[in-house]
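Q: Quick one: structure below, then a few questions.
2 protein chains.
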Amino acid sequence: MELIEFKQKFSKAVNSNQTISFFCLCEIIYDGRAKANLELGERLIVIKSDNTILIHQPTGSNPINYMKADSSVKLLEADTGLVLKSYNSKQKDYLDIIIHKVCGFQSKKLEDGKKLVLTGSEKDMSDMIRNEPWLISEQFQPLSREEHTKYGFIDVFGHDANGNFVIIECKRYTAGLDAVQQLRRYVEKMSSLKGIPKDNVKGLIAAPDIAKNALVMLEDFGFEYKQINPPKRLEKYNSKQKSVFDY
Amino acid sequence: MELIEFKQKFSKAVNSNQTISFFCLCEIIYDGRAKANLELGERLIVIKSDNTILIHQPTGSNPINYMKADSSVKLLEADTGLVLKSYNSKQKDYLDIIIHKVCGFQSKKLEDGKKLVLTGSEKDMSDMIRNEPWLISEQFQPLSREEHTKYGFIDVFGHDANGNFVIIECKRYTAGLDAVQQLRRYVEKMSSLKGIPKDNVKGLIAAPDIAKNALVMLEDFGFEYKQINPPKRLEKYNSKQKSVFDY
DNA sequence: ATATAGATCTCGTCA
DNA sequence: TGACGAGGTCTATAT
Numbered sequence: 001m002e003l004i005e006f007k008q009k010f011s012k013a014v015n016s017n018q019t020i021s022f023f024c025l026c027e028i029i030y031d032g033r034a035k036a037n038l039e040l041g042e043r044l045i046v047i048k049s050d051n052t053i054l055i056h057q058p059t060g061s062n063p064i065n066y067m068k069a070d071s072s073v074k075l076l077e078a079d080t081g082l083v084l085k086s087y088n089s090k091q092k093d094y095l096d097i098i099i100h101k102v103c104g105f106q107s108k109k110l111e112d113g114k115k116l117v118l119t120g121s122e123k124d125m126s127d128m129i130r131n132e133p134w135l136i137s138e139q140f141q142p143l144s145r146e147e148h149t150k151y152g153f154i155d156v157f158g159h160d161a162n163g164n165f166v167i168i169e170c171k172r173y174t175a176g177l178d179a180v181q182q183l184r185r186y187v188e189k190m191s192s193l194k195g196i197p198k199d200n201v202k203g204l205i206a207a208p209d210i211a212k213n214a215l216v217m218l219e220d221f222g223f224e225y226k227q228i229n230p231p232k233r234l235e236k237y238n239s240k241q242k243s244v245f246d247y
Numbered sequence: 001m002e003l004i005e006f007k008q009k010f011s012k013a014v015n016s017n018q019t020i021s022f023f024c025l026c027e028i029i030y031d032g033r034a035k036a037n038l039e040l041g042e043r044l045i046v047i048k049s050d051n052t053i054l055i056h057q058p059t060g061s062n063p064i065n066y067m068k069a070d071s072s073v074k075l076l077e078a079d080t081g082l083v084l085k086s087y088n089s090k091q092k093d094y095l096d097i098i099i100h101k102v103c104g105f106q107s108k109k110l111e112d113g114k115k116l117v118l119t120g121s122e123k124d125m126s127d128m129i130r131n132e133p134w135l136i137s138e139q140f141q142p143l144s145r146e147e148h149t150k151y152g153f154i155d156v157f158g159h160d161a162n163g164n165f166v167i168i169e170c171k172r173y174t175a176g177l178d179a180v181q182q183l184r185r186y187v188e189k190m191s192s193l194k195g196i197p198k199d200n201v202k203g204l205i206a207a208p209d210i211a212k213n214a215l216v217m218l219e220d221f222g223f224e225y226k227q228i229n230p231p232k233r234l235e236k237y238n239s240k241q242k243s244v245f246d247y
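And the structure:
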């Protein structure tokens, strides 16, 4: 595509807050929170209606370069072709896309107010444990939600049959050393805030799996691990679930 | 665009490992590590040459839905139009894109072997401190960097004038409670593995800023905070830096 | 605005 | 392959 034609289409689309997608041969220079450059290659560029910029190479989930929402977007002429200059004042980020060739251009004003409905998050997991405390043990009794927020970001808080407090940290994937440290911090905080001995505040990790070292560390602190999987419940689609993903 | 025409172009592009981009009116159903659905709306769909799938709404950096590399991609006919079915065996993820209308279609075999050259990462920061130890203090002397294997992933390791070991944890942004806990773990691990009293292993956080609570916790453990900014050096572009981002 | 922690985190690296 | 930690993390939430 001719750069002149591209520039016209581009400007029109940007000015009307359309979402833009095009392939191009380009170099990238970034400076801001860090500093980076990417030599000449073919990439997919996406510019969203909130002026988010994404630069994608042909593989991988993440953009190789990007600018966050509310960036400025200017397309200027240069020796090599065009330069897309962008600046984000909040992040203090600068991005230059030095465009040598453009292949294809698409833009559309997207209408989409829908939000993702997702289950299986850590929050769903802690809700499940609060509603079905026997998943932890026969003795575990959860306390009110207000109770646990007072003492920090504790997933589930309750007590056992012996009058000990129990703090539960949920992880939706394999718990690691960081999860154990996190739990340890909550236990120590509650112990000191309530003025009760550490032995009377029990720590427990609920996760589908736990790393070996993490389990050792957990047991060193006198904490427990309970194998629990995160729940997955989408009321709306549960009934037709089988047929939907059937091949 | 007619769905028939789209289907032909799509299949051809997928079979030749092209990178694909198109706008469409669609619903999304996802099941796997979690479970989600997204009601009808207009989105940008990207399919990369490694069969990564990205579904983008008109705002925000992250895709609202996605599939990781090496997913299967099949386009089937349905009552409502077309259904793009995808399955990732490694992640055990299923994704259905129920396509009602398609607007535009672009595909291209992207050639790009270039890798991002980035500076200002945490590793650059620890390298800088190792090379310029006076940034920490006049007394600090870094030791060889075998720490990685023996005592965990310690960023910088050395000793002070009094024969104490010093463990430094670098953060390129505001250090939080998690950073203090991480440092604490390294200090404890080295102390116990080497059999040295904890008082003779000093912990230090090097970061541009530290959260208030994190500083309190740091000082409770007898650790130190040193304000240091991550370096940003790209040899190639340093000289023309000003002109490159000049407007 | 800052702080805190999750994420269908993703990605690289090393044992 | 699992484990571990960084990320220009991004995002949501609470203060």
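Going down the list, the sequences are from chains A and B.
The numbering of the first sequence is our numbering, which starts it at 1 and goes up by one.
The numbering of the second sequence is our numbering, which starts it at 1 and goes up by one.
Every residue, glycine too, gets a C-beta built ideally from N, C-alpha and C.
Computed from a prediction, not measured in an experiment: that's the story for all the values here.
1. Give the residues from the stretch 106 to 133 of chain A that approach chain B closer than 9 Å (Cβ to any Cβ), ordered along the chain.
2. With three or more beta-carbon pairs closer than 8 Å as the criterion, would you say the stretch 49 to 67 of chain B touches the stretch 116 to 125 of chain B?
3. What are the start and end residues of the alpha helix (DSSP H) that includes B:Gln181?
4. Hey, quick one: how far does the beta strand (DSSP E) through A:Arg43 stretch, first residue to last?
5. Please classify B:Asp112 as buried or exposed, where buried requires at least 16 neighbouring CB atoms within 10 angstroms.
6. Within 10 Å of its beta-carbon, does B:Ile47 have 16 or more other beta-carbons around it, so buried, or fewer, so exposed?
7. In chain A, which residues lie less than 9 Å from B:Gly48 when you measure between Cβ atoms?
8. Along the chain, where does the alpha helix (DSSP H) that runs through A:Glu146 open and close?
9. For chain B, check one thing: does any of its Cβ atoms lie closer than 9 Å to the Cβ of A:Thr52?
10. Using a Cβ cut-off of 7 Å, which residues of the stretch 7 to 24 of chain A contact any Cβ in chain B, in chain order?
11. Reducing DSSP to helix, strand and coil, say where A:Asn238 ends up.
12. At the level of alpha carbons, what is the spacing between A:Trp134 and A:Phe140?
13. Just the C-alpha distance for A:Pro142 and A:Gln227, rounded to the nearest angstrom, thanks.
14. Taking 9 Å as the CB-CB cut-off, is A:Lys101 touching chain B?
15. Let me confirm a value: A:Ile4 is counted as buried when at least 16 other C-beta atoms fall within 10 Å, else exposed. Which label applies?
16. Give a yes or no on whether 9 Å exceeds the smallest Cβ distance from B:Ala69 to chain A.
17. To which residues does DSSP link B:Lys85 through a beta bridge?
18. Taking 6 Å as the limit between beta carbons, can you name the residues of its chain near A:Gly203, skipping five residues before and five after?
19. Grouping DSSP H, G and I as helix and E and B as strand, with all else coil, what is A:Asp31?
20. For chain A, is any of its Cβ atoms less than 9 Å away from the one on B:Tyr66?
21. Among A:Ile29, A:Val83, A:Asp220, A:Ala214, whose alpha-carbon lies nearest the alpha-carbon of B:Leu118?
22. I need the straight-line Cα distance from B:Glu2 to A:Cys26, nearest angstrom please.
23. Can you check whether the C-beta of B:Ile154 is within less than 9 Å of a C-beta belonging to chain A?
24. For B:Ser11, list the residues DSSP reports as bridge partners.
25. Quick one: give me the first and last residue of the alpha helix (DSSP H) that B:Glu169 is part of.
26. Report all residues from its chain with a CB closer than 8 Å to the CB of A:Val180; omit the five preceding and five following residues, and keep chain order.
27. Could you check the C-alpha separation between B:Ser71 and B:Val83 for me, to the nearest Å?
28. Roughly how many angstroms lie between the CA atoms of B:Ser144 and B:Ser49, to the nearest whole one?
29. What does B:Val216 pair with, by DSSP beta-bridge criteria?
30. Count the other CB atoms, across all protein chains shown, that sit within 10 Å of the CB of B:Phe153; report buried if there are 16 or more and exposed otherwise.
31. Let me know the secondary structure DSSP gives B:Asn65 once reduced to three states.
32. Kindly indicate if chain B contains any beta-carbon less than 9 Å away from that of A:Ala211.
33. For chain B, find out if any of its Cβ atoms is closer than 9 Å to the Cβ of A:Asp178; answer yes or no.
34. Using a 10 Å radius around the Cβ and a threshold of 16 neighbouring Cβ atoms, would you call B:Lys212 buried or exposed?
35. For chain A, is any of its Cβ atoms less than 9 Å away from the one on B:Asn37?
36. When the distance is taken between beta carbons, is B:Asp79 closer than 9 Å to B:Ser257?
A: From the atom records:
1. Gln106, Ser107, Lys108, Lys109, Leu110, Glu111, Asp112, Gly113, Lys114, Lys115, Leu116, Val117, Leu118, Thr119, Gly120, Ser121, Asp124
2. no
3. As a position in the second sequence, residue 181 of chain B is number 181, starting the count at 1. B:Gln181 -> alpha helix (DSSP H) spans 177 to 194.
4. To locate residue 43 of chain A, count along the first sequence from 1; it is residue 43. It spans 35 to 47 - the beta strand (DSSP E) in which A:Arg43 sits, taken as one unbroken run.
5. Indexing the second sequence from 1 puts residue 112 of chain B at position 112. So B:Asp112 counts as buried.
6. Taking the second sequence and counting its residues from 1, one reaches residue 47 of chain B at position 47. Classification for B:Ile47: buried.
7. In the second sequence, the residue the question calls residue 48 of chain B occupies position 48. A small fix is needed here, since residue 48 of chain B is Lys in this sequence, not Gly. Within chain A, the residues near B:Lys48 are Leu44, His56, Gln57, Pro58, Thr59, Gly60, Ser61.
8. The residue labelled residue 146 of chain A in the question sits at position 146 within the first sequence. Looking at the DSSP string, the run of the alpha helix (DSSP H) that includes A:Glu146 is 145 to 149.
9. Here the question's residue 52 of chain A lines up with position 52 in the first sequence. By this cut-off, A:Thr52 is an interface position.
10. Thr19, Ser21, Phe23
11. Locating residue 238 of chain A in the first sequence gives position 238, where the first residue counts as 1. Confidence at A:Asn238 is low in this model, with a pLDDT of 48, below 50, so its placement is unreliable and the value that follows should be read with caution. Helix.
12. Here residue 134 of chain A refers to the residue found at position 134 of the first sequence. Here residue 140 of chain A refers to the residue found at position 140 of the first sequence. Going by the C-alpha atoms only, they are around 7 Å apart.
13. Position 142 of the first sequence holds residue 142 of chain A. Position 227 of the first sequence holds residue 227 of chain A. One C-alpha to the other measures close to 18 Å.
14. Here the question's residue 101 of chain A lines up with position 101 in the first sequence. No - not a single Cβ of chain B is within 9 Å of the one on A:Lys101.
15. One-based indexing of the first sequence puts residue 4 of chain A at position 4. Looking at its Cβ environment, which holds fewer than 16 other Cβ atoms inside 10 Å, A:Ile4 is exposed.
16. Counted from its first residue, the second sequence places residue 69 of chain B at position 69. With 9 Å as the cut-off, B:Ala69 counts as an interface residue toward chain A.
17. Against the second sequence, residue 85 of chain B aligns to sequence position 85. Answer is B:Lys74, B:Asp96.
18. Residue mapping note: residue 203 of chain A aligns to position 203 of the first sequence, counting from 1. Correct list, in chain order: Ile167, Leu183, Val187, Phe223.
19. Taking the first residue of the first sequence as position 1, residue 31 of chain A is located at position 31. Here A:Asp31 sits in strand by DSSP.
20. In the second sequence, counting from the first residue as 1, residue 66 of chain B sits at position 66. Chain A, which has a Cβ nearer than 9 Å to the Cβ of B:Tyr66, makes this yes.
21. One-based indexing of the second sequence puts residue 118 of chain B at position 118. Taking only the C-alpha atoms, the option nearest B:Leu118 is A:Ile29.
22. Taking the second sequence and counting its residues from 1, one reaches residue 2 of chain B at position 2. Taking the first sequence and counting its residues from 1, one reaches residue 26 of chain A at position 26. Using only the alpha carbons, I get a separation of about 32 Å.
23. As a working note, residue 154 of chain B is residue 154 in the second sequence. No, because no Cβ of chain A sits closer than 9 Å to the Cβ of B:Ile154.
24. Translated into the one-based positions of the second sequence, residue 11 of chain B becomes position 11. In the DSSP output, where bridge partners are listed per residue, B:Ser11 has none listed.
25. Numbered from its first residue, the second sequence carries residue 169 of chain B at position 169. Looking at the DSSP string, B:Glu169 is not in any alpha helix (DSSP H); the run it does join, the beta strand (DSSP E), is 165 to 170.
26. Translated into positions along the first sequence, residue 180 of chain A becomes position 180. Same-chain partners within the cutoff: Ile205, Ala214, Met217, Leu218, Phe221, Phe223.
27. Locating residue 71 of chain B in the second sequence gives position 71, counting from the first residue. Locating residue 83 of chain B in the second sequence gives position 83, counting from the first residue. So the alpha carbons of these two residues sit roughly 15 Å apart.
28. Position 144 of the second sequence holds residue 144 of chain B. Position 49 of the second sequence holds residue 49 of chain B. Roughly 43 Å separates the two Cα atoms.
29. Here residue 216 of chain B refers to the residue found at position 216 when the second sequence is read from its first residue. Note: B:Val216 sits in no beta bridge, so no partner.
30. Here residue 153 of chain B is taken as the residue at index 153 of the second sequence, counted from 1. Under this definition B:Phe153 is an exposed residue.
31. As a first step, residue 65 of chain B must be located in the second sequence, where it is residue number 65. Here B:Asn65 sits in strand by DSSP.
32. For the purposes of this step, residue 211 of chain A is identified with residue 211 of the first sequence, where counting begins at 1. Not an interface residue.
33. Against the first sequence, residue 178 of chain A aligns to sequence position 178. It does: the Cβ of A:Asp178 has a partner Cβ on chain B nearer than 9 Å.
34. Start at 1 with the first residue of the second sequence, and residue 212 of chain B comes out as number 212. With fewer than 16 other Cβ atoms within 10 Å, it is exposed.
35. As a position in the second sequence, residue 37 of chain B is number 37, starting the count at 1. At least one chain A Cβ lies under 9 Å of B:Asn37.
36. Outside the displayed span of chain B (1 to 247) sits residue 257 of chain B, for which this structure offers no information.
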